[in-house]
């Protein structure tokens, strides 16, 4: 029985190897670097141009609007199916900046919209990004407690 599973697993791994697309790691790194850099340059351009368009806009406000515009653009590209094609081409270059997080929230929401607003969009929206948010909050609390213990109690 054990030998049967081992043989089946071996055949499956051979099948996966045959069907998997062959990519060059250097080519993938190059496109991830270029596209990720372009995403970041685009966000920086938003930050630089917004105060020129809206006179009197503070730098902090321009940064906030830049993030909102970048996220909105990523969600719109996800909704039209373009983000996935760019992500397939650029890999981590699209998924590491904030655009990847926006895509991680928008994709399940769009996919499950047929199930309704509550059980589809509302329940499935954080399917991918939920664990990231929870871990971020938990580790932030742990970090704050460690910081408090070190600097608030020990070195008081």
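In this note's numbering, the protein residues as written are 239 to 394.
All C-beta atoms, glycine included, are put in the ideal place defined by N, C-alpha and C.
Predicted model only: the values in this text are computed from it and were never measured.
- In the DSSP assignment, residue 288 falls within the unbroken alpha helix (DSSP H) covering 263-291.
- Residue state for residue 365 is assigned as coil, using DSSP reduced to three classes.
- A distance below 8 angstroms between beta-carbons, with the five flanking residues on each side excluded, links residue 305 to the following residues of its chain, in chain order: 281, 336.
- Between residue 269 and residue 329, the C-beta spacing is below 8 angstroms.
- In this structure, DSSP gives residue 342 a helical state, which the three-state scheme calls helix.
- Exclusion of the five residues before and after residue 347 leaves 359, 363 as the residues of its chain whose Cβ lies within less than 6 angstroms of its Cβ.
- The criterion of a C-beta distance shorter than 8 angstroms is not satisfied by residue 331 and residue 370.
- Here the alpha carbons of residue 298 and residue 384 stand approximately 29 angstroms from one another.
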